[in-house]
Amino acid sequence: MFPSESNSLSASTRDLRRGLERSLGLRFERAILHGALQAGASEDFPRLDEARRGALRALESGAWRTRNEAVKLLGLSLHPDGRELLHGLLADRTPAPALHRLLGGDYFHCGFERRNALASLALLGEWDAGTTELAVLCLSDPYYEVRSACCRWIGTALAGRCRLNGGTEALRGSGELVDAVCRLLDDRRLEVRCAAWRAAGALAPAERVLEASEDRLADPRVRVREAVLDAYGHLLDRFAQEAELHARVESCLDRMLLTSVAMRPSYPVRRRYWAVRSRLKEGTCSTC
Amino acid sequence: MFYLLARALSGQNGGIGALRVLEYVSVRSIGAAVTTLLLVVLASPPVIRRLHLSGSSDRQRAFDAHLGKSKTGTPTMGGLIILASLLASMLLWSDLTSPFVWVLAASLLVFGCLGAADDVAKLRGGRADAGLGRPAKIAVQGGFGLALGLFLYLPQTTPFPGGLVDTIGIPFLKPAAFGGADVHLGWLYVPFVAFVVVAISNAVNLIDGLDGLAAGTTIPTVLVYGVFAYVLSNARLSQYLLYSFLPGVEELVVFGAALIGALVGFLWYNSYPAEVFMGDTGSLSLGGMLAAMVVLTKQELLFVMAGGLFIFVNVTHLIGDRIGIHMLGRRIFYRTPIHHSFEHMGVSEPKIVLRLSIVALVLAAISLATIKLR
Numbered sequence: 004m005f006p007s008e009s010n011s012l013s014a015s016t017r018d019l020r021r022g023l024e025r026s027l028g029l030r031f032e033r034a035i036l037h038g039a040l041q042a043g044a045s046e047d048f049p050r051l052d053e054a055r056r057g058a059l060r061a062l063e064s065g066a067w068r069t070r071n072e073a074v075k076l077l078g079l080s081l082h083p084d085g086r087e088l089l090h091g092l093l094a095d096r097t098p099a100p101a102l103h104r105l106l107g108g109d110y111f112h113c114g115f116e117r118r119n120a121l122a123s124l125a126l127l128g129e130w131d132a133g134t135t136e137l138a139v140l141c142l143s144d145p146y147y148e149v150r151s152a153c154c155r156w157i158g159t160a161l162a163g164r165c166r167l168n169g170g171t172e173a174l175r176g177s178g179e180l181v182d183a184v185c186r187l188l189d190d191r192r193l194e195v196r197c198a199a200w201r202a203a204g205a206l207a208p209a210e211r212v213l214e215a216s217e218d219r220l221a222d223p224r225v226r227v228r229e230a231v232l233d234a235y236g237h238l239l240d241r242f243a244q245e246a247e248l249h250a251r252v253e254s255c256l257d258r259m260l261l262t263s264v265a266m267r268p269s270y271p272v273r274r275r276y277w278a279v280r281s282r283l284k285e286g287t288c289s290t291c
Numbered sequence: 093m094f095y096l097l098a099r100a101l102s103g104q105n106g107g108i109g110a111l112r113v114l115e116y117v118s119v120r121s122i123g124a125a126v127t128t129l130l131l132v133v134l135a136s137p138p139v140i141r142r143l144h145l146s147g148s149s150d151r152q153r154a155f156d157a158h159l160g161k162s163k164t165g166t167p168t169m170g171g172l173i174i175l176a177s178l179l180a181s182m183l184l185w186s187d188l189t190s191p192f193v194w195v196l197a198a199s200l201l202v203f204g205c206l207g208a209a210d211d212v213a214k215l216r217g218g219r220a221d222a223g224l225g226r227p228a229k230i231a232v233q234g235g236f237g238l239a240l241g242l243f244l245y246l247p248q249t250t251p252f253p254g255g256l257v258d259t260i261g262i263p264f265l266k267p268a269a270f271g272g273a274d275v276h277l278g279w280l281y282v283p284f285v286a287f288v289v290v291a292i293s294n295a296v297n298l299i300d301g302l303d304g305l306a307a308g309t310t311i312p313t314v315l316v317y318g319v320f321a322y323v324l325s326n327a328r329l330s331q332y333l334l335y336s337f338l339p340g341v342e343e344l345v346v347f348g349a350a351l352i353g354a355l356v357g358f359l360w361y362n363s364y365p366a367e368v369f370m371g372d373t374g375s376l377s378l379g380g381m382l383a384a385m386v387v388l389t390k391q392e393l394l395f396v397m398a399g400g401l402f403i404f405v406n407v408t409h410l411i412g413d414r415i416g417i418h419m420l421g422r423r424i425f426y427r428t429p430i431h432h433s434f435e436h437m438g439v440s441e442p443k444i445v446l447r448l449s450i451v452a453l454v455l456a457a458i459s460l461a462t463i464k465l466r
């Protein structure tokens with residue numbers, strides 16, 4: 004494929020993706036947290052067939068940007084062959100060209116493609132034994148965003164935003180998956196560590212999470228401590244009736260370092276502004 | 093204006109001798125700094141209001157606007173206030189017959205117009221990425237750099253003493269006149285100046301991503317070059333510290349002081365949480381003016397140390413954005429420019445700005461130590 008042809012394909016695929024995003028009212032960046040789309044959700048998009056055909060064509064491109072758009076389209080368009088294609092892409096370990104490997108690249112399907120493939124799988128929403136195997140593979144991916152995206156996807160699935168074959172216990176019962184997530188609690192990448200803690204809180208046995216968290220109560224990275232607290236929150240949701248666990252969590256909280264370099268701005272004038280705007284939009288003001 | 097007036101009035105028989113103080117670099121520098129500081133502090137509120145009413149507001153992507161946490165809508169192009177105050181200060185306190193002042197004024201105007209055009213394009217396009225293209229910006233920056241290089245290199249126009257025209261200062265090394273060595277670039281000096289101008293102006297432009305960061309980190313660097321300009325322009329001091337004497341560069345001291353005054357005044361409003369952003373109008377022109385100071389003091393290589401933070405931000409951006417995102421299709425750093433990586437890691441914005449300003453201050457202190465350590 005000539006570069007100009009590839010560029011135009013990339014642009015047209017991007018337009019289709021943006022159109023689908025508008026139609027669904029969903030930005031692809033939020034796909035993993037959103038989880039499964041309702042069946043037929045993309046049917047309202049008038050160019051759906053074109054989008055599905057375009058995704059298949061773009062997936063064959065030599066340019067990663069074009070393939071990346073295709074990966075997004077597969078999820079947003081709820082492509083009937085999407086799962087199979089994305090599973091294949093994530094399992095493909097064809098190495099990147101030598102120059103790319105020298106500069107830090109790994110596989111032919113680059114990091115962004117693999118990360119977005121997981122997001123698209125989250126939109127497609129099915130989780131079976133094959134998906135668990137794939138998730139274990141992704142949790143050891145050399146690219147950190149794939150590992151962290153996979154952890155977030157597990158969290159989304161366990162929160163009920165995914166169609167789980169065998170229910171949540173099928174996931175929690177997979178020792179391989181639990182081990183893979185727990186290995187990431189000490190990952191060298193902060194983003195992965197945080198995502199792993201949240202996933203572990205929802206997935207792993209309470210004893211294992213609490214034991215591992217002992218070393219993280221005074222972690223120098225505030226993001227890790229935040230994630231540990233989220234993990235505790237998940238444990239309390241899962242084991243609401245277990246007094247012993249509550250006591251252990253309380254004991255951990257007593258020893259947690261609370262100093263922080265993190266602080267999020269909150270502008271009262273803007274909050275009020277958006278509150279008034281949303282009232283106007285919803286028509287809840289007396290003059291509307 | 094004050095300088096020329098003082099020279100005219102104090103030089104004549106029966107003239108006003110006391111006015112001679114207005115010829116002193118120290119007095120003019122303090123005057124220039126106070127002028128810009130007051131002008132920026134006093135003029136900012138009405139200008140910010142005017143910028144808002146004219147629709148000159150920042151349009152960054154904001155997924156969480158409804159939470160009241162986004163900065164979208166903050167008036168931008170506040171750099172105009174800095175530029176106007178600097179021009180006023182130059183008119184009042186600089187020696188308007190000095191070619192060094194012309195160069196500084198030209199850099200201010202060229203980069204100010206370039207930045208303003210970029211900001212206007214973004215505002216019209218309604219998106220943060222709708223500004224002037226990279227080639228157009230590089231063409232203007234490079235064109236100015238080449239023109240400056242030629243101006244400084246050609247014997248008919250150069251303000252530098254003969255023999256020093258194509259030399260560059262090397263930190264920790266004395267010039268040949270004092271038993272050290274000189275590096276003569278010959279005609280390569282012209283493209284070298286262009287490179288320095290493009291690199292520095294883009295570097296400062298890139299660091300302008302958090303409230304008060306560009307101003308807070310530029311002040312120490314300007315201070316370093318102001319001190320160097322003072323040393324180099326003083327015959328006795330330069331002789332004592334073994335530097336080649338560069339007559340006329342004392343105008344850079346006055347300008348540097350004015351710039352610091354303007355930046356401190358701007359920080360009054362731009363510090364976290366910002367009431368106004370300088371925009372590319374401010375950051376590009378800040379970079380252009382700093383580049384002009386670097387070239388005019390002939391301390392280009394010192395910028396690797398004095399402006400080490402800018403270089404670090406640029407190099408990491410180059411690796412993260414050009415190689416990582418565009419070529420490899422993956423992130424190498426969490427985010428680029430690198431200060432956004434720190435945000436991603438959970439460090440709050442004011443803390444990042446303060447810490448990076450401390451780094452800039454330390455680098456400035458080390459750079460100043462090279463005055464004696466050679």
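Residue numbers (this note's numbering), protein chains in the order written: chain A, 4 to 291; chain B, 93 to 466. Yeah, the Cβ is synthetic: ideal placement off N, Cα and C, and Gly gets one too. Quick caveat, the model's predicted, so the values are computed rather than measured.
Assigned exposure category for residue i - 16 Cβ within 10 Å defines buried
i: Leu465 (chain B); result: exposed
i: Ile311 (chain B); result: buried
i: Trp130 (chain A); result: buried
i: Thr127 (chain B); result: buried
i: Gln331 (chain B); result: exposed
i: Gly163 (chain A); result: exposed
i: Lys284 (chain A); result: exposed
i: Trp67 (chain A); result: buried
i: Gly169 (chain A); result: exposed
i: Met93 (chain B); result: exposed
i: Gln41 (chain A); result: exposed
i: Trp200 (chain A); result: buried
i: His112 (chain A); result: buried
Where residue i falls: helix, strand or coil (DSSP)
i: Ile411 (chain B); result: helix
i: His82 (chain A); result: coil
i: Tyr116 (chain B); result: coil
i: Ile299 (chain B); result: helix
i: Leu159 (chain B); result: Caution applies to Leu159 (chain B), whose pLDDT of 45 falls short of 50 and renders its modelled position unreliable; the model cannot decide the point.
i: Thr259 (chain B); result: strand
i: Pro138 (chain B); result: helix
i: His276 (chain B); result: strand
i: Pro167 (chain B); result: strand
i: Leu40 (chain A); result: coil
i: Arg224 (chain A); result: coil
i: Glu148 (chain A); result: helix
i: Ser149 (chain B); result: strand
i: Glu245 (chain A); result: coil
i: Leu121 (chain A); result: helix
Chain B contact for residue i (CB, 8 Å cutoff)
i: His90 (chain A); result: no
i: Leu12 (chain A); result: no
i: Arg224 (chain A); result: yes
i: Ala168 (chain A); result: Per the sequence shown, the amino acid found at residue 168 (chain A) is Asn instead of Ala. No - not a single Cβ of chain B is within 8 Å of the one on Asn168 (chain A).
i: Met259 (chain A); result: no
i: Leu193 (chain A); result: yes
i: Trp67 (chain A); result: yes
i: Leu188 (chain A); result: no
i: Gly28 (chain A); result: no
i: Cys154 (chain A); result: no
Cβ of residue i within 8 Å of any chain A Cβ
i: Pro365 (chain B); result: yes
i: Leu184 (chain B); result: no
i: Arg141 (chain B); result: no
i: Ser440 (chain B); result: yes
i: Gly160 (chain B); result: Bear in mind that a pLDDT of 45 at Gly160 (chain B), under 50, signals an unreliable position, so the number given afterwards is only what the model happens to contain. Closer than 8 Å: yes.
i: Tyr245 (chain B); result: no
One or two residues paired with residue i in a DSSP bridge
i: Tyr110 (chain A); result: A:Pro98
i: Arg166 (chain A); result: A:Glu129
Any non-hydrogen atom of the ligand NAP closer than 7 Å to residue i Cβ
i: Leu27 (chain A); result: This structure simply doesn't include the ligand NAP, nor any ligand for that matter.
Handout entry: Where the segment 325-341 of chain B meets chain C: residues whose CB sits under 7 Å from a CB there
Key = Note that chain C does not occur in the displayed structure, where the protein chains are A and B.
Practice task
For the segment 329-411 of chain B, list the alpha helix (DSSP H) runs that are entirely contained and at least 4 residues long, ordered along the chain.
Solution key: 342-362, 371-388, 395-398, 400-409
Practice task
Could I get the ranges of all uninterrupted alpha helix (DSSP H) runs contained in the segment 50-79 of chain A, with 4 residues as the minimum, in chain order?
Solution key: 51-61, 67-79
Problem - alpha helix (DSSP H) segments (min. 4 residues) lying fully within the segment 195-262 of chain B - result: 226-245
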